[in-house]
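Enquirer: All residue numbers for the sequence shown refer to the working numbering, where the first residue is 4 and numbers rise by one.
Note that CB positions come from ideal geometry on N, CA and C, so glycine has one too.
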Amino acid sequence: MSAQSKKIVFQKAELTNIPTLTSFAGPSGSGKTYSAIRFASGLVDGTGKRVVVIDTERGRGRAYARKFDYDYVEFNAPFGPERYLEHIMAADEAGYGAIVTDSFSHEFAGEGGISDMADENLIRMCTDQDGNFDHRKAERLTALAWKTPKVAHKKLVTRLLQCRSHLVFCLRSEPKVRFTKVNGKTVIEDAGFQPITEKSFVFEMTLSIAMSNERPGIPQFLKIMGDHKEMFEGDRFVDEAAGRAMAAWARGTDVSKKSSTPKPAETKAEKPRVDETPRTEQKVVHQPKD
Numbered sequence: 004m005s006a007q008s009k010k011i012v013f014q015k016a017e018l019t020n021i022p023t024l025t026s027f028a029g030p031s032g033s034g035k036t037y038s039a040i041r042f043a044s045g046l047v048d049g050t051g052k053r054v055v056v057i058d059t060e061r062g063r064g065r066a067y068a069r070k071f072d073y074d075y076v077e078f079n080a081p082f083g084p085e086r087y088l089e090h091i092m093a094a095d096e097a098g099y100g101a102i103v104t105d106s107f108s109h110e111f112a113g114e115g116g117i118s119d120m121a122d123e124n125l126i127r128m129c130t131d132q133d134g135n136f137d138h139r140k141a142e143r144l145t146a147l148a149w150k151t152p153k154v155a156h157k158k159l160v161t162r163l164l165q166c167r168s169h170l171v172f173c174l175r176s177e178p179k180v181r182f183t184k185v186n187g188k189t190v191i192e193d194a195g196f197q198p199i200t201e202k203s204f205v206f207e208m209t210l211s212i213a214m215s216n217e218r219p220g221i222p223q224f225l226k227i228m229g230d231h232k233e234m235f236e237g238d239r240f241v242d243e244a245a246g247r248a249m250a251a252w253a254r255g256t257d258v259s260k261k262s263s264t265p266k267p268a269e270t271k272a273e274k275p276r277v278d279e280t281p282r283t284e285q286k287v288v289h290q291p292k293d
């Protein structure tokens, strides 16, 4: 056995002090920001640590300052992966218990985000010395234009998975359609609302939640582990109790049958604030399938 291999120590696996990643996706007015801050407040409850909101939406992250106790930093364009990492790692190193990023969708579709990066690559590769853009060449090189933005995004995700803080991400959603063949004819079908982000991002999460305008604050699950289902039993809002249950699970506590709480009466529950921020404009270069 080599000296190098002797340094590797194996031990019994135990669920203890695991940082979690949670995403809240929804259209404007679905209650994602309100729910995310409630959930994050529960994550740090009793720990002596604080919540910080990293706000990409021009001060809207301060909207709940009278309702919740949290710190705040404004994050302006450009919204590339490296700048997201800079802000999140700074908060992690500062010792925050939970970091809410609102919105992470700008990393995909915002100014300087990975869609912009792909656009710039494609323009550079398909424009000749006279400034003429070759559209046929662009069709062939779209996938190649996405190579470096995808690598930058994957590096970001890899670093996020190493954070010590609980991470909470807000994602905008937009309606999508799909094209199918029916009796030889192309039919456009409603594909529902989809998160504006790199397509695999929500599946990197410990928990991924979708919300709708029809039922603000009520979760639908894009990804949920069996251990977490009891935290959301019944038709109830995402609240501080859910955050406390997630934090207890991350510490290794058996949370089965301990964290379910009844849904608040709808006549008394506070409706999440309607976010009136316009949807980020999508870019002309579409992300290709892997």
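1. Give the range of the beta strand (DSSP E) segment to which HIS169 is assigned.
2. For GLU77, which three-state DSSP category applies?
3. Apart from the five residues on each side of it in sequence, which residues of its chain come closer than 7 Å, Cβ to Cβ, to GLU269?
4. Going by beta-carbon coordinates alone, are ASP74 and VAL55 separated by less than 9 Å?
5. By alpha-carbon positions, which one of LYS15, LEU24, LYS150, SER31 ends up nearest to ARG218?
6. Taking all protein chains shown into account, decide if LYS150 is buried (16 or more other Cβ within 10 angstroms of its Cβ) or exposed.
7. Does the Cβ of ASN124 have 16 or more other Cβ atoms within 10 Å, making it buried, or fewer, making it exposed?
8. Along the chain, where does the beta strand (DSSP E) that runs through LEU210 open and close?
9. So SER106 and GLU60 are in contact, right, with Cβ under 8 Å, and what is the actual spacing, rounded?
10. Kindly list the residues whose CB is nearer than 6 Å to the CB of ALA272, restricted to its own chain and excluding five residues on each side of it in sequence; keep chain order.
11. Assuming THR50 contacts GLY255 (C-beta within less than 8 Å), just tell me the rounded distance between them.
12. Nearest to PHE206 by alpha carbon, out of ILE221, GLY220, ILE227, GLY187?
13. What is the residue span of the alpha helix (DSSP H) that THR161 lies within?
14. Does DSSP put VAL205 in a helix, in a strand, or in coil?
15. Following the continuous alpha helix (DSSP H) through PHE42, name the residue where it begins and the one where it ends.
16. Name the residue from ILE11, PRO22, PHE13 whose alpha carbon lies nearest to the alpha carbon of LEU164.
17. Which first and last residues belong to the alpha helix (DSSP H) in which SER118 is found?
18. From LEU174, THR189, ASP230, pick the residue whose C-alpha is nearest to that of LYS35; which is it?
19. What did DSSP end up calling ASP230 once you bin it into helix, strand or coil?
20. How many whole angstroms separate the CB atoms of PHE42 and VAL190, which I take to be in contact at a CB cut-off of 8 Å?
21. Let me confirm a value: ARG143 is counted as buried when at least 16 other C-beta atoms fall within 10 Å, else exposed. Which label applies?
22. What does DSSP give as the partner residue(s) for GLU192 in the beta ladder?
23. I'd like the span of the beta strand (DSSP E) that includes GLY29, first residue to last.
24. With C-beta atoms as the reference, is HIS169 less than 9 Å away from ALA248?
25. Taking Cβ positions only, does LEU159 come closer than 9 Å to chain C?
Expert: By the coordinates alone:
1. Here the question's residue 169 lines up with position 166 in the sequence shown. Start and end: 169 to 185.
2. Here residue 77 is taken as the residue at index 74 of the sequence shown, counted from 1. Here GLU77 sits in strand by DSSP.
3. Walking along the sequence shown from the start, residue 269 turns up at place 266. Interpretation of GLU269 is limited by its pLDDT of 43, a score under 50 that renders its predicted location unreliable; no figure is taken from the coordinates.
4. Taking the first residue of the sequence shown as position 1, residue 74 is located at position 71. Taking the first residue of the sequence shown as position 1, residue 55 is located at position 52. In contact: ASP74 and VAL55 (Cβ atoms closer than 9 Å).
5. Translated into positions along the sequence shown, residue 218 becomes position 215. The shortest Cα separation from ARG218 among LYS15, LEU24, LYS150, SER31 belongs to SER31.
6. The residue labelled residue 150 in the question sits at position 147 within the sequence shown. Counting every other CB atom within 10 Å of its CB across the protein chains shown gives LYS150 a total below 16, marking it as exposed.
7. Residue 124 sits at position 121 when you count from the first residue of the sequence shown. So ASN124 counts as buried.
8. For the purposes of this step, residue 210 is identified with residue 207 of the sequence shown, where counting begins at 1. 210 to 213 is the span of the beta strand (DSSP E), which, as asked, contains LEU210.
9. Within the sequence shown, numbered from 1, the residue matching residue 106 stands at position 103. Within the sequence shown, numbered from 1, the residue matching residue 60 stands at position 57. About 6 Å; that satisfies the 8 Å criterion.
10. To locate residue 272, count along the sequence shown from 1; it is residue 269. For ALA272, the pLDDT reaches just 40, beneath the cut-off of 50, and the residue's location in the model is therefore unreliable, although a value from the coordinates is still provided. The answer is none, since no qualifying residue turns up.
11. By 1-based counting over the sequence shown, the position of residue 50 is 47. By 1-based counting over the sequence shown, the position of residue 255 is 252. By a beta-carbon distance limit of 8 Å, THR50 does not contact GLY255. Their separation comes to about 15 Å.
12. Within the sequence shown, residue 206 is the residue found at index 203, counting from 1. Checking every option, the nearest Cα to that of PHE206 belongs to ILE227.
13. On the sequence shown, residue 161 is found 158 positions in, with the first residue counted as 1. Counting along the chain, the alpha helix (DSSP H) containing THR161 begins and ends at 150 to 163.
14. As a first step, residue 205 must be located in the sequence shown, where it is residue number 202. Helix.
15. The residue given as residue 42 occupies position 39 in the sequence shown. Counting along the chain, the alpha helix (DSSP H) containing PHE42 begins and ends at 35 to 47.
16. The count along the sequence shown starts at 1 and reaches residue 164 at position 161. Of ILE11, PRO22, PHE13, the residue nearest in Cα terms is PRO22.
17. Taking the sequence shown and counting its residues from 1, the one referred to as residue 118 is at position 115. Its alpha helix (DSSP H) spans residues 117 to 129.
18. Working through the sequence shown from its first residue, we reach residue 35 at position 32. The shortest Cα separation from LYS35 among LEU174, THR189, ASP230 belongs to LEU174.
19. Locating residue 230 in the sequence shown gives position 227, where the first residue counts as 1. ASP230 falls in the helix class under three-state DSSP.
20. Here the question's residue 42 lines up with position 39 in the sequence shown. Here the question's residue 190 lines up with position 187 in the sequence shown. Contact doesn't hold; Cβ gap of about 39 Å is too wide.
21. For the purposes of this step, residue 143 is identified with residue 140 of the sequence shown, where counting begins at 1. It is exposed - the Cβ of ARG143 has fewer than 16 other Cβ atoms within 10 Å.
22. Here residue 192 corresponds to residue number 189 of the sequence shown, with the count starting at 1. Answer is ARG181, bridged to GLU192.
23. By one-based count along the sequence shown, residue 29 stands at place 26. Here the beta strand (DSSP E) through GLY29 covers 24 to 29.
24. Here residue 169 refers to the residue found at position 166 of the sequence shown. Here residue 248 refers to the residue found at position 245 of the sequence shown. Their beta carbons are not under 9 Å apart, which means HIS169 does not touch ALA248 by this criterion.
25. Among the chains of the structure shown, chain C does not appear; only one protein chain is present.
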